[in-house]
Structure formats: C-alpha cells, structure tokens
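Residue numbers (the numbering used here): 1 to 168. Built from N, CA and C at the ideal position, the CB exists for glycine as well. Quick caveat: nothing in here was measured; it's all calculated off a predicted structure. All remarks here apply to the structure that follows.
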Amino acid sequence: MNGIVVYYSKYGATRTYAEWLSQEIGIPAVEYKTVKLDGLDPYNFIVFGSPLYLGRIVLAKTIKKHWHRFKSKRLVLFTVGSTRDPIQIDAVVKRYFTPAQLNAMPHFYMLGRSEIGRLNPLDGFLTKTAAAFTKDPEEKRMLKEGFDGMRRENLSRLVGHIKTLTAK
Ligand SMILES: Cc1cc2nc3c(=O)[nH]c(=O)nc-3n(C[C@H](O)[C@H](O)[C@H](O)COP(=O)(O)O)c2cc1C
Numbered sequence: 001m002n003g004i005v006v007y008y009s010k011y012g013a014t015r016t017y018a019e020w021l022s023q024e025i026g027i028p029a030v031e032y033k034t035v036k037l038d039g040l041d042p043y044n045f046i047v048f049g050s051p052l053y054l055g056r057i058v059l060a061k062t063i064k065k066h067w068h069r070f071k072s073k074r075l076v077l078f079t080v081g082s083t084r085d086p087i088q089i090d091a092v093v094k095r096y097f098t099p100a101q102l103n104a105m106p107h108f109y110m111l112g113r114s115e116i117g118r119l120n121p122l123d124g125f126l127t128k129t130a131a132a133f134t135k136d137p138e139e140k141r142m143l144k145e146g147f148d149g150m151r152r153e154n155l156s157r158l159v160g161h162i163k164t165l166t167a168k
C-alpha cells in the first residue's frame, strides 16, 4: 500500500509519534505545513497525526474540509494530548467527525508530552489556567509540572490496525 503519515506538531510530541510510526510501518512521515494537498493524491493510505489544543484537534478542520479528496483512500487518525479520560477524547472526536467518517477513518489517542519550560508564554499561561479548572488530580499535576507520556509501545494498537489494513 502506498502510504504516508501527515502530521502537525507544535512542540514535537506528535512528530515523534509520526516518526516512530513511520519506522514501524515503513512509510514516510511529513509535516502538514510542508505538504501540498495535490501531493497527497498519489497515496491510497494516509495516517493523520494531530495534537489536541484547547479542546480542538488541530488538523480536524483541514481533514473535514478536504474530505472529498481523502474519502476514497484508506484513512487513520491519531491524536495526542494530556487528557487521561477516554470518554472526553471520544466526545472531542465525535464533535468533529460523523460516525460514517470515523468508520472510514478510525481514531487512536495517545498521551503526549509537555515540558513547562519550553512552552511559549501564552501556552504556559493557558496550561496554568487549565490546571486550575481540572478536577482530575493527576491531570492537574501533569498540567502544572509537565509530563512525559511518550512511549513507543503506545503505538501498538495503531500499528496493529495498520498492519491488518495493509495485509488486505
Ligand atoms: C495551551 C495548551 C492547550 C492544550 N489543550 C489540550 C486539550 O484540550 N486536550 C488535551 O488532551 N491536551 C491538551 N494539551 C496538551 C498537548 O496536546 C500535549 O502536550 C501534546 O503532547 C502536544 O503535542 P505537540 O508536542 O505535538 O504539539 C494542551 C497543551 C497546551 C500547551
């Protein structure tokens, strides 16, 4: 299968997952900003990788806007964030995509990373504010102190899914 990983990443966590995935399944990973949409036409399999920021899936709007281009391809979406609650993630994803879209583009979520010292001042402020409103004590701590949830094995379900697709 002629595939590609297209990702957006602000601080590098989604990039790292995209690169690990690229190594695991042997397809290239490219940053969304460097891609021309026409350039994706030859690929029949696309993995989108996007972080969550302020309750948004950064790449979701683009994917939806150009759905007509992508819908004939095999698609997978992975998202990266700090949320530990799968129900919350599910709700975010369902806000963007219809059940039919999610059927055509299964979604996988993975814990990312936040290094407080590397955040720009606005992101630092927003993270502190989010911590103040977060009820889950562990997530509150993660937001305040930063966290590193990056594990290569977090990719295992996603890799398993892709391997079943490419075996077909
Ligand atoms: C300002 C800000 C807002 C964030 N909002 C969310 C959010 O709504 N949901 C979530 O799960 N994670 C959120 N995060 C955590 C990031 O998604 C996480 O750190 C991720 O690893 C960032 O990916 P990147 O390094 O590829 O940019 C937020 C982080 C920052 C700095």
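Counted within 10 angstroms of its Cβ, other Cβ atoms place residue i as buried (16 or more) or exposed
i                 : result
alanine 167       : exposed
isoleucine 27     : buried
valine 92         : buried
histidine 107     : buried
tyrosine 8        : buried
proline 121       : exposed
isoleucine 224    : Outside the displayed span of the chain (1 to 168) sits residue 224, for which this structure offers no information.
glycine 55        : exposed
arginine 141      : exposed
phenylalanine 250 : With the chain represented from 1 up to 168, any question about residue 250 goes unanswered, as that position is not in the structure.
tyrosine 53       : exposed
Residue i - partner residues in DSSP beta bridges
i             : result
serine 50     : Thr79
glutamine 147 : This sequence places phenylalanine at residue 147; glutamine is not what is there. Partner(s): Ser114.
isoleucine 4  : Ile46
Cβ-Cβ separation, residue j to residue i (assumed contact under 8 Å), whole Å
i                 : j              : result
glutamate 145     : isoleucine 116 : 7 Å
valine 159        : isoleucine 4   : Not confirmed; about 16 Å, so no contact.
tyrosine 96       : isoleucine 57  : 6 Å
leucine 75        : isoleucine 46  : 6 Å
phenylalanine 147 : serine 82      : 7 Å
threonine 14      : glycine 49     : 5 Å
tyrosine 43       : asparagine 2   : 5 Å
arginine 118      : methionine 150 : Rounded, the Cβ-Cβ distance is 14 Å, inconsistent with contact.
Residue ranges of each beta strand (DSSP E) within the region 7 to 63, 3 or longer: Runs of the beta strand (DSSP E) inside the region 7 to 63: 29 to 31 and 45 to 53.
Secondary structure, beta strand (DSSP E): runs of 3+ residues fully inside the region 66 to 119: Runs of the beta strand (DSSP E) lying entirely within the region 66 to 119 and spanning at least 3 residues, in chain order: 74 to 81 and 107 to 111.
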